[in-house]
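Reading through the structure tokens given below for one structure.
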Amino acid sequence: MATLTPLIEASFATHVHVVAAVVAICLAPVQIMPRRRGAWHKRLGYCWVLAMGVTAGSSFWITGFEVMGPFSPIHLLSVLTFLGLWSGLRAAWAGDFQGHAAAMRGMAFWALGIAGALTLLPGRIMHRVLLAQVEISVATGLIAALVIALFLMARIRRRDAANKM
Numbered sequence: 068m069a070t071l072t073p074l075i076e077a078s079f080a081t082h083v084h085v086v087a088a089v090v091a092i093c094l095a096p097v098q099i100m101p102r103r104r105g106a107w108h109k110r111l112g113y114c115w116v117l118a119m120g121v122t123a124g125s126s127f128w129i130t131g132f133e134v135m136g137p138f139s140p141i142h143l144l145s146v147l148t149f150l151g152l153w154s155g156l157r158a159a160w161a162g163d164f165q166g167h168a169a170a171m172r173g174m175a176f177w178a179l180g181i182a183g184a185l186t187l188l189p190g191r192i193m194h195r196v197l198l199a200q201v202e203i204s205v206a207t208g209l210i211a212a213l214v215i216a217l218f219l220m221a222r223i224r225r226r227d228a229a230n231k232m
């Protein structure tokens with residue numbers, strides 16, 4: 068059974084981080100799936116970019132697995148998220164919609180999919196929230212399956228895109 072206690076007891080930065088990440092996760096399929104792009108895509112896209120930026124930015128106030136000073140390797144992903152968001156926005160503003168789509172899909176995959184899967188590792192807050200009652204070996208298997216599924220989805224998308232050309 069899931070429990071919100073670890074999340075409720077977490078820092079304010081963690082609360083901001085989780086809310087922004089949930090908003091980004093909810094908006095990602097709405098932005099990526101439809102074939103037609105219009106005014107709503109643009110409006111919601113800016114909301115998604117803001118949510119991603121807040122998620123990445125708030126991560127710098129969340130520490131606990133220090134490797135390089137107060138930071139861990141996951142903070143490098145936050146820096147890459149900022150670079151990817153800027154790249155995607157710049158591509159859209161320049162009219163390069165294929166480059167824009169690729170950058171934003173990459174952000175959805177790496178920053179939401181992979182980083183999200185890593186939050187489920189034992190010892191992390193979201194693991195305690197969602198998988199507290201699950202045996203560690205089962206939880207690790209579920210996380211591994213999620214990461215493998217994400218990689219397979221990305222590979223299939225790349226293959227399908229290559230076949231369309």
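The numbering used here numbers the first residue of the sequence shown as 68 and each following residue consecutively.
Even for Gly, the Cβ is constructed at its ideal location relative to N, Cα and C.
Model, not experiment: these values are computed from the prediction.
Burial state of residue i (16 or more Cβ within 10 Å)
i: V184; result: A small correction: the amino acid at residue 184 is Ala; Val does not occupy that position in the sequence shown. Answer is buried; the Cβ neighbour count reaches 16.
i: M220; result: exposed
i: I215; result: exposed
i: T122; result: buried
i: V85; result: buried
i: W128; result: exposed
i: L187; result: buried
i: L150; result: exposed
i: G162; result: exposed
i: W115; result: buried
i: L111; result: exposed
i: L71; result: exposed
i: A106; result: exposed
i: A212; result: exposed
i: G190; result: exposed
Residue i - containing alpha helix (DSSP H), residue span
i: A169; result: 164 to 174
i: R235; result: Residue 235 falls outside the range modelled here, since the chain spans only 68 to 232, and no answer is possible.
i: I192; result: 192 to 197
i: L185; result: 182 to 185
**Item:** Contained beta strand (DSSP E) runs [length at least 3] in the region 75 to 106, N- to C-terminal order
**Value:** Qualifying beta strand (DSSP E) stretches: none in this window.
**Asked** Is it true that the region 191 to 200 meets the region 97 to 106, where meeting means three or more beta-carbon pairs spaced less than 8 Å apart?
**Response** Result no; under three Cβ-Cβ pairs closer than 8 Å.
**Request:** May I ask you to verify whether the region 139 to 152 touches the region 68 to 88, counting CB pairs closer than 8 Å and requiring at least 3?
**Result:** With a cut-off of 8 Å, the region 68 to 88 and the region 139 to 152 do not count as touching, because too few Cβ pairs lie within range.
**Sufficient close CB pairs (3 or more, under 8 Å) joining the region 143 to 161 to the region 84 to 98** = Segments in contact, no.
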